[in-house]
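S.K.:
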Amino acid sequence: MTPLFDTLRTLVGSAHCLTDPSATSPYLTDWRGRYTGTALAVVLPADTAQVAAVVQACAAVGVPIVPQGGNTGLCGGATPLADGKAVVVNLSRLRKIRSVDPANNAITVDAGVTLADVQAAADGAGRLFPLSLASEGSCEVGGVISTNAGGVQVLRYGNTRELVLGLEVVLPDGQIWNGLRALRKDNTGYDLKHLFIGAEGTLGIITAATLKLFAKPRQTVTAWLAVASPAAAVELLSRLRSVAGDRVTAFELISRPSLDLVLQHIPGARDPLSQAHPWYVLVELTDTLISVDLAAVLEAELATAIGDGAVLDGTVAASQAQATALWSLRENISEAQKREGVSIKHDIAVPVSAIPEFLDRAGAALEACYPGLRIVAFGHVGDGNLHYNQSRPRHDENAAFIARTEEVGRVVHDLVHELGGSISAEHGIGQLKRALLPAYKPAVELELMHRIKYALDPRGLMNPGKVLQGRRAAD
Ligand code: FAD
Numbered sequence: 278m279t280p281l282f283d284t285l286r287t288l289v290g291s292a293h294c295l296t297d298p299s300a301t302s303p304y305l306t307d308w309r310g311r312y313t314g315t316a317l318a319v320v321l322p323a324d325t326a327q328v329a330a331v332v333q334a335c336a337a338v339g340v341p342i343v344p345q346g347g348n349t350g351l352c353g354g355a356t357p358l359a360d361g362k363a364v365v366v367n368l369s370r371l372r373k374i375r376s377v378d379p380a381n382n383a384i385t386v387d388a389g390v391t392l393a394d395v396q397a398a399a400d401g402a403g404r405l406f407p408l409s410l411a412s413e414g415s416c417e418v419g420g421v422i423s424t425n426a427g428g429v430q431v432l433r434y435g436n437t438r439e440l441v442l443g444l445e446v447v448l449p450d451g452q453i454w455n456g457l458r459a460l461r462k463d464n465t466g467y468d469l470k471h472l473f474i475g476a477e478g479t480l481g482i483i484t485a486a487t488l489k490l491f492a493k494p495r496q497t498v499t500a501w502l503a504v505a506s507p508a509a510a511v512e513l514l515s516r517l518r519s520v521a522g523d524r525v526t527a528f529e530l531i532s533r534p535s536l537d538l539v540l541q542h543i544p545g546a547r548d549p550l551s552q553a554h555p556w557y558v559l560v561e562l563t564d565t566l567i568s569v570d571l572a573a574v575l576e577a578e579l580a581t582a583i584g585d586g587a588v589l590d591g592t593v594a595a596s597q598a599q600a601t602a603l604w605s606l607r608e609n610i611s612e613a614q615k616r617e618g619v620s621i622k623h624d625i626a627v628p629v630s631a632i633p634e635f636l637d638r639a640g641a642a643l644e645a646c647y648p649g650l651r652i653v654a655f656g657h658v659g660d661g662n663l664h665y666n667q668s669r670p671r672h673d674e675n676a677a678f679i680a681r682t683e684e685v686g687r688v689v690h691d692l693v694h695e696l697g698g699s700i701s702a703e704h705g706i707g708q709l710k711r712a713l714l715p716a717y718k719p720a721v722e723l724e725l726m727h728r729i730k731y732a733l734d735p736r737g738l739m740n741p742g743k744v745l746q747g748r749r750a751a752d
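The sequence shown stops at residue 752 when you use this note's numbering, and every number in between is there.
1. Let me make sure I understand the geometry here. Which of Gly522, Ala602, Ala600, Ile543 has the alpha-carbon closest to that of Val569?
2. Within 10 angstroms of the Cβ of Thr596, are there 16 or more other Cβ atoms? Answer buried if so, exposed if not.
3. Looking at Ala503: is its Cβ nearer than 8 Å to the Cβ of Leu408?
4. When the distance is taken between beta carbons, is Leu368 closer than 8 Å to Ala388?
5. Can you tell me which of the three DSSP states Ala720 falls into?
6. Please identify the residue among His542, Gly707, Asn609 whose C-alpha is closest to the C-alpha of Thr356.
7. If I follow the unbroken alpha helix (DSSP H) through Val685, where does it start and stop?
8. Relative to the alpha-carbon of Gln614, which residue among Asp537, Gln552, Ala334 has its alpha-carbon at the smallest distance?
9. Counting beta carbon pairs with one atom in the stretch 706 to 723 and one in the stretch 675 to 694, are three or more of them shorter than 8 Å?
10. Which word fits Gly656, buried or exposed, when buried means at least 16 other C-beta atoms lie within 10 angstroms of its C-beta?
11. Can at least three beta-carbon pairs, one atom from the stretch 440 to 456 and one from the stretch 329 to 339, be found at a separation below 8 Å?
12. Taking Val421 as the reference, which of Glu703, Val721, Gln746 has the closest Cα?
13. Taking only the alpha-carbon atoms, compute the straight-line gap between Pro633 and Pro507 and give it to the nearest angstrom.
14. Tell me which residues share the same chain as Leu442 and place their Cβ nearer than 7 Å to its Cβ, disregarding the 5 neighbours each side in the sequence.
15. Would the C-beta of Ala380 count as close to ligand 3, meaning under 7 Å from any of its heavy atoms?
16. May I have the straight-line CA-CA distance separating Arg651 from Ala546, to the nearest angstrom?
17. Within 10 Å of its beta-carbon, does Asp624 have 16 or more other beta-carbons around it, so buried, or fewer, so exposed?
18. Which same chain residues end up closer than 7 Å to Gly591 when comparing Cβ atoms and leaving out the 5 residues on each side of it in sequence?
19. Between which two residues does the beta strand (DSSP E) containing Ile610 stretch?
20. Here's the rule: buried if 16 or more other CB atoms are within 10 angstroms of the residue's CB, otherwise exposed. What is Asp753?
21. Provide the residue(s) that pair with Pro344 in DSSP beta bridges, ordered along the chain.
22. For His542, collect the residues of the same chain with a Cβ closer than 7 Å to its Cβ; drop the 5 residues on either side in sequence, then sort them by chain order.
23. Which value, in whole angstroms, describes the spacing of the CA atoms of Val431 and Ala602?
24. Is it true that the stretch 463 to 476 meets the stretch 316 to 331, where meeting means three or more beta-carbon pairs spaced less than 8 Å apart?
25. Going by the DSSP bridge assignment, what does Glu561 pair with across the sheet?
26. Around the Cβ of Ala750, are there at least 16 other Cβ atoms within 10 angstroms (buried) or fewer (exposed)?
27. Using a threshold of 7 Å, is the CB atom of Glu417 nearer than that to any non-hydrogen atom of ligand 1?
28. Is it the case that the Cβ atoms of Met739 and Ile342 are separated by a distance below 8 Å?
29. Please classify Gly419: does DSSP put it in a helix, a strand, or coil?
30. Among Ala680, Ala510, Ala677, whose alpha-carbon lies nearest the alpha-carbon of Val558?
31. Does the beta carbon of Trp454 fall short of 7 Å from some heavy atom of ligand 1?
32. Considering only C-alpha positions, which residue in the set Ser535, Gly414, Lys493 is nearest to Ala399?
33. How long is the line joining the alpha carbons of Ser551 and Ser532, rounded to whole angstroms?
34. Select from Ala485, Gln345, Ser302, Cys294 the residue whose C-alpha is nearest the C-alpha of Ala326.
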């Protein structure tokens, strides 16, 4: 491999072609610490031309490539396999905000710009980039697009797929496709950008994107409510949306065990209510107009819901600081779980109306098989998306429970499937769920995915071992 290393060093500079284990190790393990791989090298190109040259050099000698952004993905998609045959191409040095066009409500950025920096650039231009994730300080545009990330504002603005206008991609043979069009309408054939959105780096490397911007809300109301049940939460969401429409920008369900972990592990976290309740929702309403009294709209609906017994208690943030504190309870759930230890994680979607049935039936089935287990359920109930995680509260019993991940997953995923849902709502497939796809995706759909993969990457050099299971050389 010496000639390849020499070429890569010449292309990106020695300082950006890492081979020493102490330098490469942060790039070889995923955020959860579940997967650790090995790689020939970790390469950090500075711009699109360098990415293309690196891909060409690797393709010339048949070396696979693992694209990587902020390495915050939760399915092992950015972690190389253990065989050590691949080169990791990390995009973090591609950091330019290429242009902001407020009149066209569009921003064009390099793939390595963090989500927080895109939000800040939009804000600086008097606009909103609405995608918001707890990992936004570290995750990058290329990673967010490649996982089609969701987050807390999908209810109002859609997931990443709906926020992308155009892409620039380095294809598996090193060609650059410039599809950076800031158009709302373009019916000139297949819309190729959608192939790369959510492809988890298996079809090419995204080097830049043109994203949609929106008007900035001028008022926000945030409330933390104890609800009688998940069914009461779904009913409240439906009522709020019929009154406030798209002003309901976030509606997050949080179970008590989720809150307990945050209170236990996150310094400064405080229960907003004086009594414990089994279920909460975090609601956010926003408006670009100030002439509508959003707080009054919310309070009127809450008065009815309290009268009906659907809402048991609650607090409406009286300041930005209070709103931030409420949001940090929600946003720290993943971090608190990480500090607590390993759990079996599911990121599932079902129709919103089926959420109460899913929670009832999955909870009962799991409790019957594994009495006393802890279920941490929370998520974007307005999108029908729940993070549904299991562990043993006693640490000395947890390892044996985690060893049963596959059978626990089957209970959850079979029910999700029966309810017409998805086994991966927003985190993707990566290494974690690829063995599950054949059981839950229609054979025709899977076959089309294999054909697309083969058409774009016939030698299977782009992120091998992710998403699809091998049936052809390309997989
Ligand atoms: P990486 O982890 O580096 O990569 C993810 C995948 O994309 C890999 O398959 C990789 O090969 C591929 N990839 C990366 N960059 C490129 C590129 N330029 N071109 C082609 N392929 C590429 N997700 C949600 O949807 N909603 C949430 O609310 C959410 N919350 C999170 C909270 C925390 C605390 C954490 C740690 C993660 C969370 N995530 C969430 C997971 C989410 O997938 C990531 O944060 C983000 O989308 C990944 O971006 P990244 O730059 O870190 O990508």
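Glycine included, every Cβ here is placed at the ideal spot set by N, Cα and C. The structure presented is a predicted model; accordingly, all values stated were derived computationally and were not measured.
M.R.: Judging by the given coordinates:
1. Position 292 of the sequence shown holds residue 569. Minimum Cα distance to Val569 is reached at Gly522.
2. The sequence position of residue 596 within the sequence shown is 319, counting from 1. Note on identity: in this sequence residue 596 is Ser, with Thr being the wrong assignment. With fewer than 16 Cβ atoms within 10 Å of its Cβ, Ser596 is classed as exposed.
3. Along the sequence shown, one-based indexing puts residue 503 at 226. Along the sequence shown, one-based indexing puts residue 408 at 131. Taking 8 Å as the Cβ cut-off, Ala503 and Leu408 do not qualify as a contacting pair.
4. As a position in the sequence shown, residue 388 is number 111, starting the count at 1. As a position in the sequence shown, residue 368 is number 91, starting the count at 1. Contact flag set, yes.
5. Here residue 720 is taken as the residue at index 443 of the sequence shown, counted from 1. It is helical.
6. If you number the sequence shown from 1, residue 356 lands on position 79. Comparing Cα positions, the closest option is Gly707.
7. What you label residue 685 is simply residue 408 of the sequence shown in a count that begins at 1. Start and end: 682 to 695.
8. Along the sequence shown, read from residue 1 onward, the residue named residue 614 stands at position 337. Out of Asp537, Gln552, Ala334, Asp537 has the C-alpha closest to the C-alpha of Gln614.
9. Contact between the stretch 675 to 694 and the stretch 706 to 723 is present: three or more C-beta pairs spanning the two stretches fall below 8 Å.
10. Within the sequence shown, numbered from 1, the residue matching residue 656 stands at position 379. Around the beta carbon of Gly656, a 10 Å sphere encloses 16 or more other beta carbons of the protein chains shown; the residue is thus reported as buried.
11. Taking one beta carbon from each stretch, the stretch 440 to 456 and the stretch 329 to 339 have 3 or more pairs nearer than 8 Å; the two touch.
12. Translated into the one-based positions of the sequence shown, residue 421 becomes position 144. In terms of Cα proximity to Val421, the closest of Glu703, Val721, Gln746 is Glu703.
13. Your numbering for residue 633 matches position 356 in the sequence shown. Your numbering for residue 507 matches position 230 in the sequence shown. Using only the alpha carbons, I get a separation of about 5 Å.
14. Here residue 442 refers to the residue found at position 165 when the sequence shown is read from its first residue. Counting only Cβ-Cβ distances below 7 Å, and skipping sequence neighbours, we find Ala383, Arg458, Ala459, Leu460, Thr487, Leu488, Lys489.
15. This structure lacks ligand 3; the ligands present are ligand 1.
16. As a position in the sequence shown, residue 651 is number 374, starting the count at 1. As a position in the sequence shown, residue 546 is number 269, starting the count at 1. Cα to Cα, Arg651 sits roughly 21 Å from Ala546.
17. Translated into positions along the sequence shown, residue 624 becomes position 347. With 16 or more other Cβ atoms within 10 Å, it is buried.
18. Here the question's residue 591 lines up with position 314 in the sequence shown. Only Ala500, Trp501, Leu502, Ala503, Leu579 meet the Cβ criterion.
19. Locating residue 610 in the sequence shown gives position 333, counting from the first residue. Taken as a continuous stretch (DSSP letters only), Ile610 belongs to no beta strand (DSSP E), being part of the alpha helix (DSSP H) at 610 to 617.
20. No answer is possible for residue 753: it lies beyond the span of the chain, which begins at 278 and ends at 752.
21. On the sequence shown, position 67 is the one that residue 344 refers to. Beta-bridge annotation (DSSP): Pro344 is paired with Val366.
22. Stepping through the sequence shown from its first residue, residue 542 is reached at position 265. Within the same chain, Ala613, Arg616, Glu617 come within 7 Å of His542 by CB-CB distance, once the 5 residues on both sides are set aside.
23. Position 154 of the sequence shown holds residue 431. Position 325 of the sequence shown holds residue 602. The C-alpha of Ala602 is placed about 21 Å away from the C-alpha of Val431.
24. With contact defined as three or more Cβ pairs closer than 8 Å, the stretch 463 to 476 and the stretch 316 to 331 are not in contact.
25. On the sequence shown, position 284 is the one that residue 561 refers to. Paired residue(s): Thr499, Ala527.
26. In the sequence shown, residue 750 corresponds to position 473, counting from 1. Because the pLDDT of Ala750 is 49, which lies under 50, any placement of that residue in the model is unreliable, and the question is left without a value.
27. Numbered from its first residue, the sequence shown carries residue 417 at position 140. Inclusion of Glu417 in the 7 Å shell around ligand 1 follows from its C-beta lying nearer than that to a non-hydrogen atom of the ligand.
28. Locating residue 739 in the sequence shown gives position 462, counting from the first residue. Locating residue 342 in the sequence shown gives position 65, counting from the first residue. Cβ atoms of Met739 and Ile342: closer than 8 Å.
29. Locating residue 419 in the sequence shown gives position 142, counting from the first residue. Look at Gly419 here: in three-state DSSP terms it is helix.
30. In the sequence shown, residue 558 corresponds to position 281, counting from 1. When Ala680, Ala510, Ala677 are compared, the shortest CA-CA separation from Val558 is found for Ala510.
31. To locate residue 454, count along the sequence shown from 1; it is residue 177. It does not: the Cβ of Trp454 is nowhere closer than 7 Å to a heavy atom of ligand 1.
32. In the sequence shown, counting from the first residue as 1, residue 399 sits at position 122. Lys493 is the residue among Ser535, Gly414, Lys493 whose C-alpha sits nearest the C-alpha of Ala399.
33. Along the sequence shown, read from residue 1 onward, the residue named residue 551 stands at position 274. Along the sequence shown, read from residue 1 onward, the residue named residue 532 stands at position 255. Looking at the two C-alpha atoms, the distance is approximately 16 Å.
34. What you label residue 326 is simply residue 49 of the sequence shown in a count that begins at 1. For the set Ala485, Gln345, Ser302, Cys294, the Cα lying nearest the Cα of Ala326 is the one of Ala485.
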